[in-house]
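Structure first, commentary second.
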Amino acid sequence: MRLTKLLTVASFAFCLASLCQCRYTPDWASLDSRPLPAWYDQSKIGIFIHWGVFSVPSYHSEWFWWYWQGTDKQKDVVNFMKQNYPPGFTYADFAPKFKATFFNPDQWAELFDSAGAKYVVFTSKHHEGYCNWDTAYSFNWNSKQVGPNRDLVADLAAAIRKRPGLRFGLYHSLYEWFNPLYQNDQRSQFKTRDFVLSKTMPELYELVNRFKPDVVWSDGDWDAPAEYWNSTGFLAWLYNDSPVNDSVVTNDRWGKGVMCNHGGYYTCQDRYNPGILQPHKWENCMTLDKQSWGYRRDARLADYLTPQELLSTLATTISCGGNLLVNVGPTADGTIDPVMEERLRQLGSWLRTNGEAVYNSTPWSRQNDTATSGVWYTQRAGSVYAFLLTWPANDRLLLGSVAMATNVTLLGHPKRPAFSATPKGLSVALPSLDGTGLRWAWVLRLDGAVQSNFSTSEFEPAVLSPHEFLPCKRNDSDETSRDVVGDSSEEDSNLAVIFTSKRAVQFFSAVCRSPRRLCYAVGPATAQAAASVAGFVEVRGGAACGNADALCDLVEAELQPEVHKLLFPCGRVRKSTVETRLASFRLTVMELYDAVEKKDLGREIQQIEPQHKQLVLAFFSPSSVSMVMKHLYTSCYDDVKLISIGPSTSHRLKELLPHNQCFECRTPSVDAFLHALRLCRQ
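Take 0 as the starting number for the sequence shown in numbering that gives the first Met the number 0 and just add one per residue.
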């Protein structure tokens with residue numbers, strides 16, 4: 000009896016100690032130790048919804064107000080307002096037109112369920128500050144008091160929760176562009192916190208307590224540090240004492256410098272799709288409309304992802320350990336555009352055949368195939384799944400990453416493929432697709448699969464012939480490769496980067512996320528972005544270089560043509576004056592051009608001299624490839640060398656520019672990127 004009592008007391012003490020250990024303190028070391036609830040990784044696919052007052056003008060993007068009246072005005076948005084609305088019309092005047100007349104939350108829930116999604120993230124409030132729920136913290140700027148006159152969050156939450164397979168989450172913007180309280184805090188360099196204490200925090204606590212979301216998707220954090228937002232304090236409460244403390248998942252957008260470093264799962268950037276296995280759980284938030292997260296009335300069919308592009312994004316994401324969050328932008332009337340609905344139903348139809356390769360899967364030891372491009376892998380319950388993004392010629396497939404298997408099944412097909420082990424990998428003879436209805440992408444289930452010993456890291460990339468895409472990785476054990484590449488540390492130390500806009504910084508940081516040494520920047524805003532976003536240790540210019548000419552003067556004074564090389568990521572806007580002056584300095588210029596915007600692209604592309612030997616086109620998304628090719632795909636550009644970031648981008652380049660030399664960086668790192676540049680120069 001005495002021993003029993005002692006054991007009981009000991010057990011109680013152990014449980015109490017365990018309970019205490021599960022209390023999280025408001026610091027990143029403690030908060031980051033919280034295990035991510037298992038349901039999130041198992042779900043794989045979610046739906047994102049961007050809906051608000053911006054859905055009324057439905058032009059350009061959900062950032063319409065900012066591009067109209069913010070500090071980053073866009074000429075086409077300003078002209079749109081001048082041509083279509085009378086003088087004195089304000090953004091608030093759009094709100095009464097946000098009627099949501101045809102909003103049927105049950106129909107939305109049915110669509111998302113049919114699409115195969117397992118969670119839904121709804122915009123409770125975007126950067127415009129308009130709240131889609133009945134709240135006391137946003138007087139006359141919420142859906143209950145102006146516009147629909149209903150609580151949109153409550154209505155959709157109820158409909159989603161009628162579906163057993165769906166979870167409900169909420170997006171919330173920490174900041175608001177034009178809120179006077181936020182602007183005052185900003186002017187004080189965030190030493191005051193009136194906006195956070197009276198607006199941001201009360202809203203977040205209200206949303207969690209009232210709607211009990213399974214996802215809290217934070218955004219709008221980038222201007223101020225986490226200490227200003229009280230992020231760690233809120234997350235400690237969320238994980239410890241909130242009504243969803245056991246089930247809730249959060250992202251990583253909780254303050255300047257936090258993204259991709261702290262939080263629940265990482266997003267790192269919009270449309271983040273690294274193409275390699277990540278050590279931390281991550282999410283690829285992307286949108287069916289390639290140009291906007293909100294609804295656009297002027298969108299064309301080509302602006303939407305095709306089923307093939309959507310499934311390619313899904314395969315590359317989940318094979319590397321990510322979740323896919325697919326965004327739709329409803330109309331102001333509350334309907335979902337038929338093209339978006341069709342894409343979601345096509346996704347659901349495909350998943351009903353191939354879902355076993357997606358849900359509850361984990362990455363395999365190899366993420367993509369070593370012999371055949373466009374093949375990605377997952378595993379589940381002892382089976383390996385190979386996603387085929389293109390159907391192989393002559394119905395013959397070689398899987399270089401697989402040495403052998405005991406059984407091969409093409410999901411959804413009545414016939415079993417024939418297969419055999421070869422020295423180069425598993426050879427599969429695929430059955431005909433005629434009459435099966437299988438399309439867009441295909442999945443093989445490999446039972447008893449054994450990984451081959453073939454490794455891409457054993458092979459040094461070289462100049463590639465048409466249709467060949469290899470990883471730009473250096474093998475330090477290969478002396479021949481060293482001779483070709485040169486001493487990377489010496490060459491890197493003599494490389495400078497020049498930025499003429501914040502967009503150029505964002506482009507560079509998207510493809511090269513490691514910290515660098517030296518860059519030159521026009522203006523203080525670009526300089527600040529170079530230091531904080533791209534992580535440069537030394538930033539020159541800035542306030543001293545308010546224009547491109549001043550920047551070029553500094554570059555000419557400090558860089559030696561015989562020693563230094565200059566990397567010039569043009570980003571959104573090409574600076575022809577900069578290019579002309581750099582050429583006159585006789586510097587080796589490694590020039591990159593990313594097409595991120597349709598606007599004026601044709602004129603900009605036409606300004607490029609086809610014989611410009613230093614020109615390299617770098618792409619980090621399939622959409623940027625499609626956009627630039629509308630103007631660039633002519634025979635005179637066959638000599639232009641290409642760099643692609645990630646296999647999906649390579650696949651698109653392969654389709655559109657089959658005659659050009661292309662270097663693929665499967666790893667979006669500086670080393671891989673610079674290695675590709677060196678190969679281009681040779």
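Note that beta-carbon positions come from the ideal geometry of N, C-alpha and C, so glycine has one too.
Model, not experiment: these values are computed from the prediction.
Rounded straight-line distance, which links the Cα of residue j to that of residue i
i: Lys423; j: Gly399; result: 6 Å
i: Trp281; j: Asn359; result: 15 Å
i: Gly168; j: Phe584; result: 54 Å
i: Asn250; j: Tyr264; result: 5 Å
i: Asp150; j: Glu175; result: 20 Å
i: His171; j: Ala37; result: 23 Å
i: Glu478; j: Pro362; result: Only weak support exists for where Glu478 lies, its pLDDT of 30 falling under 50; the value from the coordinates is given anyway. Taking the straight line from one Cα to the other gives about 33 Å.
i: Gly274; j: Phe88; result: 46 Å
i: Val338; j: Val427; result: 36 Å
i: Arg344; j: Leu110; result: 7 Å
i: Pro224; j: Gly256; result: 7 Å
i: Val554; j: Met258; result: 32 Å
i: Asp394; j: Leu350; result: 23 Å
i: Arg539; j: Tyr118; result: 46 Å
i: Ala495; j: Ala28; result: 35 Å
i: Asp687; j: Glu202; result: Given a span of 0 to 681 for the chain in the structure shown, any question on residue 687 remains unanswerable.
i: Leu276; j: Thr316; result: 9 Å
i: His630; j: Cys267; result: Here His630 scores only 42 on pLDDT, less than 50, and its place in the model is too uncertain to base an answer on.
i: Ile335; j: Met200; result: 31 Å
i: Ser60; j: Ser230; result: 28 Å
i: His64; j: Ala91; result: One point to set straight first is that residue 64 is Trp, not His, in the sequence displayed. C-alpha separation (whole angstroms): 10 Å.
i: Leu409; j: Leu443; result: 5 Å
i: Ala235; j: Trp221; result: 20 Å
i: His126; j: Asp112; result: 28 Å
i: Val52; j: Thr499; result: 33 Å
i: Ala524; j: Leu558; result: 23 Å
Residue burial classification, residue i (beta-carbon count within 10 angstroms, cutoff 16)
i: Tyr129; result: buried
i: Asp593; result: Residue placement at Asp593 is flagged as unreliable, the pLDDT there being 46, under the threshold of 50; the coordinate-derived value follows with that caveat. Burial call: buried.
i: Val77; result: exposed
i: Ser456; result: Its pLDDT being 29, under 50, Ser456 is placed unreliably by the model, and the measurement read from it follows with that caveat. Looking at its Cβ environment, which holds fewer than 16 other Cβ atoms inside 10 Å, Ser456 is exposed.
i: Tyr698; result: The displayed coordinates of the chain run from 0 to 681. Any statement about residue 698 would go beyond what the structure contains.
i: Cys21; result: exposed
i: Cys661; result: buried
i: Arg186; result: exposed
i: Asp548; result: exposed
i: Leu641; result: buried
i: Glu663; result: buried
i: Arg365; result: buried
i: Gly74; result: According to the sequence as given, residue 74 is Lys; it is not Gly. Its Cβ having fewer than 16 others within 10 Å, Lys74 is exposed.
Closer than 8 Å to chain C by CB, residue i
i: Glu555; result: No chain C is present in this structure, which holds just one protein chain.
Beta carbon of residue i nearer than 8 Å to that of residue j
i: Gly373; j: Ala114; result: no
i: Ser54; j: Tyr294; result: yes
i: Leu300; j: Ser382; result: no
i: Met403; j: Ala385; result: no
i: Leu388; j: Ala440; result: yes
i: Gly541; j: Ala526; result: yes
i: Pro56; j: Phe97; result: no
i: Tyr39; j: Asn322; result: yes
i: Trp50; j: Gly328; result: yes
i: Val207; j: Ser246; result: no
i: Thr352; j: Gly434; result: no
i: Arg342; j: Leu287; result: yes
i: Val243; j: Lys198; result: no
i: Met80; j: Trp62; result: no
Supposed close pair residue i, residue j - CB separation, criterion 8 Å
i: Ile48; j: Phe121; result: 5 Å
i: Cys284; j: Leu313; result: About 13 Å; that fails the 8 Å criterion.
i: Trp253; j: Ser311; result: Rounded, the Cβ-Cβ distance is 31 Å, inconsistent with contact.
i: Leu550; j: Phe535; result: Not confirmed; about 15 Å, so no contact.
i: Tyr204; j: Phe194; result: Between Phe194 and Tyr204 the Cβ distance is about 15 Å, and since that is not below 8 Å, they are no contact.
i: Ala158; j: Trp107; result: 7 Å
i: Trp292; j: Asn326; result: 5 Å
i: Asp183; j: Thr191; result: Residue identity differs from the one stated: residue 183 is Asn in this sequence, not Asp. At roughly 7 Å, the Cβ-Cβ gap stays under 8 Å, so Asn183 and Thr191 are in contact.
i: Trp132; j: Ala99; result: Not a contact, Cβ separation roughly 13 Å.
i: Thr377; j: Ser451; result: The Cβ separation is near 17 Å, so there is no contact.
* Start-end ranges of the alpha helix (DSSP H) lying completely within the stretch 321-368, minimum 4 residues -> Runs of the alpha helix (DSSP H) lying entirely within the stretch 321-368, each at least 4 residues long, are 337-353 in chain order.
* Would you mind listing the beta strand (DSSP E) stretches within the stretch 169-245 that are 3+ residues and don't spill past its ends, in chain order? => Taking only runs of at least 3 residues, the beta strand (DSSP E) segments lying wholly in the stretch 169-245 are 214-218.
* **3 or more residues per run - each beta strand (DSSP E) lying fully within the stretch 106-142** => The qualifying runs are 118-124.
* Can you give, in chain order, each stretch of the alpha helix (DSSP H) that sits fully within the stretch 283-319 and has at least 4 residues? -> Fully contained in the stretch 283-319 are the following alpha helix (DSSP H) runs of length 4 or more, in chain order: 306-317.
* Just list the beta strand (DSSP E) runs in the stretch 37-107, keeping only unbroken ones of 3 residues or longer that don't cross its boundaries, in chain order. => The qualifying runs are 44-48.
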